[in-house]
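Worksheet: the structure to be examined is printed underneath.
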């Protein structure tokens, strides 16, 4: 053995005998006893085979208290791509926690020992050729082995019966990997580490996922007498803005600065009751004549953790909701397709494991709408045109017509003599009108890292830029290379785009490109026949499903603050047509501001919705901060293409529970973060009448000129600009609550 050189197996007869004994032991063990009480024998005993001098798969287990099993595997097999451990079984409802550490001899020449979980490739990145994997049926993607790194830490729920399998990824010649001839490895990553240990903790049947009766049951709530002002705006919102706020269920109430207040709930005009488990909407008219409605739709896209969402194999097949039995074996790719179809969205008022859109601790945040009434005009004469800021729905014909003309009816692609639709020398992203940035609001249907981008059209991340809180070779953030050449960025490189799909509010439909796929009136080659599946579909293209596309380099948006499916969102960006596709769809690209929100209504529960993409202080301490009442978390990112003098964004709470409730705001960073380079911010509570219902944030910066290159994208993002934070907003009881006319004994409605 010189310099870790690989060599073949010895003692084949002894190995065969050991394997037969192990098979017999496992079969009899599983059939006749408690596996934890008598773990199976090692695959190899110490001294039995050269490259496992201390043995292989040495398994121990303790159980205390009953039902809490702690398994330990020393020297797991690393000389084959997958090893089954049938004695370590899982049943539906088991809660499992994994941990692992140590090093492996990967063979070859030179320094060949590597960390099992997070190997160093020698250049400061995780090694994508050597690492341990795990496979658990119903949990890991497409039931294939995945990097064990991602599954270490937060617990997860087992949706179906199975057993543990561990594997190892090697670039070739895996057969004599093991734990022999120790060296310290590249960059001394294996100093004093000469074995690997894997820990598996199983809490048997700890999750009672079938207990959803309370979530789906409801009573009928009587409809309350309407208030003319609130009723008129509610009818107009339903009819002219496509915002069905429902029917009032509380009597008229007053509070400081508030002339009228009622709670609303999902229901149709003329009905006498509503269903009590639907989201509560609120309406309040302040003394200045402005009316605020908080509206939560009854359905939303299915939430999944954005840190799992990569539009490339094998990650696109990861099981994104293993706790959710009806969708336990649906990966990101399938969830993405479901979320494009609004008819398949799920209930916002049920937990995620009870057929709901969110999970056990988060669901969709409300949309707040502010309109102001005209002076001395009775409510019966209010119209969308005389109500200030009324979000009148756009008609379908407001969408962009002839969007392909913005691209001169070509698409940026490699030249082809036989295809008159392509042009390599054109810009890929062309502005619809000008290069001014504008807003769009709506619901995030999908949020993911793009796969297959051409790296030559993208900007690499500058050294030292903050990318987030979690590093994982399979979750594509700061540990992944930054596009060293003009290749296809299909491994999650930092230059790859982060993509959002936004189902816009009805008053932003004009930002979409119209479906003109039945037309063939363009000049030039026959694009319709050559690109029939995409030709002129606009934003009705299959991968958008009617949503507005949003793109930007992934390093613009730190992990922890990225929008996720089901979030309420405001995005500000350059309005363009994507000329890289024959559908000629509209996007905001790039985006200077993202403000996305979700409603947290319970403690963060990793077993029922683990994600690294959350503001850690706020979400993890929800109960300590709020006292256990629902709160809206709003994530805000000003990206490196923010070049305007200022940006403005509102931070909204849940629907106000009573006229006497008082707004409370907490910030993720209690003091300004040292990473907030180049920006200043001011916070104001509004309305300024002593009873505010939101925080207005203004973000300012010094002048900065953006430069656009031949591809149409920003060529000089400000590498020094970093601003990201989050707010949590909720309501608390007031000392004056007892005087509220509508609810004399309480401020919060019963759950």
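In this note's numbering, the protein residues as written are 1 to 751. Backbone N, C-alpha and C define an ideal beta-carbon position, used for all residues, glycine too. The model shown is predicted, which means the values in this text are computed figures rather than measured ones.
Coil, strand or helix - residue i by DSSP
| i | result |
| --- | --- |
| residue 668 | coil |
| residue 647 | strand |
| residue 29 | Here residue 29 scores only 37 on pLDDT, less than 50, and its place in the model is too uncertain to base an answer on. |
| residue 354 | helix |
| residue 223 | coil |
| residue 421 | coil |
| residue 510 | helix |
| residue 205 | coil |
| residue 732 | strand |
| residue 552 | strand |
| residue 21 | Caution applies to residue 21, whose pLDDT of 39 falls short of 50 and renders its modelled position unreliable; the value that the coordinates give is listed next. If DSSP states are grouped into helix, strand and coil, residue 21 belongs with the helices. |
| residue 499 | strand |
| residue 193 | coil |
| residue 372 | strand |
| residue 327 | helix |
| residue 394 | coil |
| residue 267 | coil |
| residue 680 | strand |
| residue 112 | coil |
| residue 619 | helix |
| residue 181 | coil |
| residue 403 | helix |
Test: residue i CB closer than 7 Å to a CB of chain B
| i | result |
| --- | --- |
| residue 728 | Absent from the structure is chain B; it holds one protein chain and no more. |
Proximity below 7 Å, CB of residue i to CB of residue j
| i | j | result |
| --- | --- | --- |
| residue 613 | residue 401 | no |
| residue 168 | residue 78 | yes |
| residue 253 | residue 245 | no |
| residue 461 | residue 575 | no |
| residue 105 | residue 178 | yes |
| residue 488 | residue 452 | yes |
| residue 668 | residue 618 | yes |
| residue 162 | residue 90 | yes |
| residue 606 | residue 630 | no |
| residue 189 | residue 120 | yes |
| residue 247 | residue 267 | yes |
| residue 63 | residue 202 | no |
| residue 60 | residue 35 | no |
| residue 225 | residue 294 | no |
Exposure label - residue i; buried when at least 16 CB within 10 Å
| i | result |
| --- | --- |
| residue 589 | buried |
| residue 638 | buried |
| residue 634 | buried |
| residue 218 | exposed |
| residue 301 | buried |
| residue 745 | Note that residue 745 scores 28 on pLDDT, short of 50, meaning its location in the model is unreliable; the coordinates nonetheless yield the value given after this. Exposed is the call here. |
| residue 686 | exposed |
| residue 377 | exposed |
| residue 332 | buried |
| residue 587 | buried |
| residue 340 | buried |
| residue 707 | exposed |
| residue 437 | buried |
| residue 214 | exposed |
| residue 344 | exposed |
Assumed close pair residue i, residue j - CB separation to whole angstroms, cut-off 8 Å
| i | j | result |
| --- | --- | --- |
| residue 357 | residue 335 | Not really, about 11 Å apart at Cβ, beyond 8 Å. |
| residue 444 | residue 311 | Their Cβ separation, rounded to whole angstroms, is 15 Å, which puts residue 444 and residue 311 out of contact at 8 Å. |
| residue 697 | residue 666 | 14 Å between Cβ atoms; not a contact. |
| residue 610 | residue 156 | 7 Å |
| residue 74 | residue 197 | 5 Å |
| residue 652 | residue 368 | 4 Å |
| residue 355 | residue 297 | That belief does not hold up - the Cβ atoms of residue 355 and residue 297 are roughly 16 Å apart, past 8 Å. |
| residue 659 | residue 258 | 5 Å |
| residue 159 | residue 346 | 17 Å between Cβ atoms; not a contact. |
| residue 565 | residue 593 | Not quite, the Cβ-Cβ distance comes to about 20 Å (not below 8 Å), so this is no contact. |
| residue 553 | residue 446 | At roughly 18 Å, the Cβ-Cβ gap does not stay under 8 Å, so residue 553 and residue 446 are not in contact. |
| residue 186 | residue 81 | About 23 Å; that fails the 8 Å criterion. |
| residue 585 | residue 539 | 5 Å |
**Message:** Does the structure place the segment 500-507 close enough to the segment 376-396 that three or more beta carbon pairs sit under 8 Å?
**Reply:** yes
**Asked** Is the segment 228-244 in contact with the segment 274-286, if contact means three or more CB pairs nearer than 8 Å?
**Response** yes
**Request:** Inspect the CB distances between the segment 556-570 and the segment 528-545 and report whether three or more fall short of 8 Å.
**Result:** Between the segment 556-570 and the segment 528-545, the count of C-beta pairs closer than 8 Å stays below three; the two stretches do not touch.
**Message:** Three or more C-beta pairs under 8 Å: does that hold for the segment 178-192 against the segment 40-60?
**Reply:** yes
**Request:** Specify whether the segment 536-547 and the segment 511-527 touch according to this definition: at least 3 beta carbon pairs, one from each stretch, less than 8 Å apart.
**Result:** yes
**Message:** With three or more beta-carbon pairs closer than 8 Å as the criterion, would you say the segment 183-196 touches the segment 110-117?
**Reply:** yes
**Prompt:** Using 8 Å as the threshold, is the segment 429-439 in touch with the segment 708-724, meaning 3 or more CB pairs across them?
**Reply:** Flag = yes, the segment 429-439 and the segment 708-724 touch.
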